[in-house]
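Colleague:
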Amino acid sequence: DSEEEINDKKLKIVVMGDGASGKTSLCTRYSQEQFNKQYGQTVGLDFYLKRIVLPGNINVTLQVWDIGGQTLGGKMLDNYIYGSQGVLLVYDITNYSSFENLEDWYAAIRKVCKDVRSPHIALVGNKIDLEHMRTVKQDKHQRFAQEHGMSSHFVSAKSGDSVNLCFQKLAAEILGVK
Ligand code: GDP
3 DSEEEINDKK LKIVVMGDGA SGKTSLCTRY SQEQFNKQYG QTVGLDFYLK
53 RIVLPGNINV TLQVWDIGGQ TLGGKMLDNY IYGSQGVLLV YDITNYSSFE
103 NLEDWYAAIR KVCKDVRSPH IALVGNKIDL EHMRTVKQDK HQRFAQEHGM
153 SSHFVSAKSG DSVNLCFQKL AAEILGVK
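Take the position in the sequence shown, starting the count at 1, then add 2; the result is the number in the UniProt record's numbering.
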């Protein structure tokens, strides 16, 4: 009914970062239940839909866009970023250059969003199951997040550790839900 519709918020979330950082794995892991791959007809890009419930019984539909094989400077990248309310900025904790390149990914977001409200961004260090192979120190991660006003997470798409949490928290941040 109409009350339900009013309560049904939709959020566009983009999962960005270097190739092989684990973006698709994160989306797949998050999708394990009630996840449907949809075809984005407007721009011909794929996204996933996931319905979640936030504290206070707030129903939210997340539209999760995986940039897939798009690279920095890729032709379609701006279409992914445009209109997003949230970004998961993903790197691989065992691959230092995937962390270094986040400055450029961040700049790409700023460029598209320079005239509009900037999306909420969460820094996501993926592959914490490979902690013994970590090359990006935790304090570097924290400093980067702090400098750019991002929330921060360590996850493993492989084990599933903290994967739900980072999407849930980002949605809550966007909607100002505690
Ligand atoms: P994408 O290019 O960013 O979408 O990255 P993929 O999701 O294709 O993952 C790249 C590679 O990293 C694949 O071989 C995945 O199996 C692996 N991978 C992704 N996430 C994890 C993780 O959390 N832990 C480990 N050990 N491997 C992962």
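No residue lacks a Cβ here, since even glycine has one placed at the ideal position from N, Cα and C.
Quick caveat, the model's predicted, so the values are computed rather than measured.
1) Residues around the ligand GDP, please: the condition is that the C-beta lies closer than 6 Å to some non-hydrogen atom of it.
2) Taking DSSP as the reference, what is the three-state secondary structure of M78?
3) If G90 sits next to L172, beta carbons under 8 Å apart, how far is it from one beta carbon to the other, in whole angstroms?
4) So, at 8 Å on beta carbons, what are the nonlocal neighbours of V165 in its own chain, with the 5 sequence-adjacent residues on each side left out?
5) Going by DSSP, name the residue or residues bridged to D10.
6) Cβ of D94 within 8 Å of Cβ of L74?
7) Note down, one range per segment and in chain order, each beta strand (DSSP E) of at least 3 residues found wholly within the stretch 102-142.
8) Can you give me the C-alpha to C-alpha distance between N97 and G70, rounded to a whole angstrom?
9) Taking the alpha-carbon of H150 as reference, which of T26, K77, S120 and G24 has the nearest alpha-carbon?
10) Less than 8 Å between C-beta atoms, sequence neighbours within five positions excluded: which residues of the same chain meet that for I60?
11) Does Q87 come out as helix, strand or coil in the three-state DSSP assignment?
12) Could you tell me which of S99, V55, C115 and L104 sits nearest to Y82, measuring between CA atoms?
13) If you run the structure through DSSP and keep just helix, strand and coil, what is V157?
14) Taking the alpha-carbon positions, what's the T26 to G127 distance?
15) Of all the options K139, E175, M135 and Q140, which has the alpha carbon lying nearest to the alpha carbon of M152?
Modeller: To lay it out plainly:
1) G21, A22, S23, G24, K25, T26, S27, N128, K129, D131, L132, S158, A159 and K160
2) Annotated three-state conformation of M78 is coil, per DSSP.
3) For the sequence presented, residue 90 should be read as Leu rather than Gly. Yes, they are in contact, since the Cβ atoms of L90 and L172 sit about 7 Å apart, within 8 Å.
4) L28, R31, Y32, V157, S158 and A159
5) According to DSSP, which records beta bridges pairwise, D10 is partnered with nothing at all.
6) no
7) 122-128
8) Spanning the two alpha carbons is a distance of roughly 18 Å.
9) S120
10) If we look at I60 and ignore the five residues flanking it on each side, its Cβ neighbours are N9, K11, L177 and V179.
11) Look at Q87 here: in three-state DSSP terms it is coil, with no helix or strand label.
12) Here the closest residue by C-alpha is C115.
13) coil
14) 14 Å
15) E175
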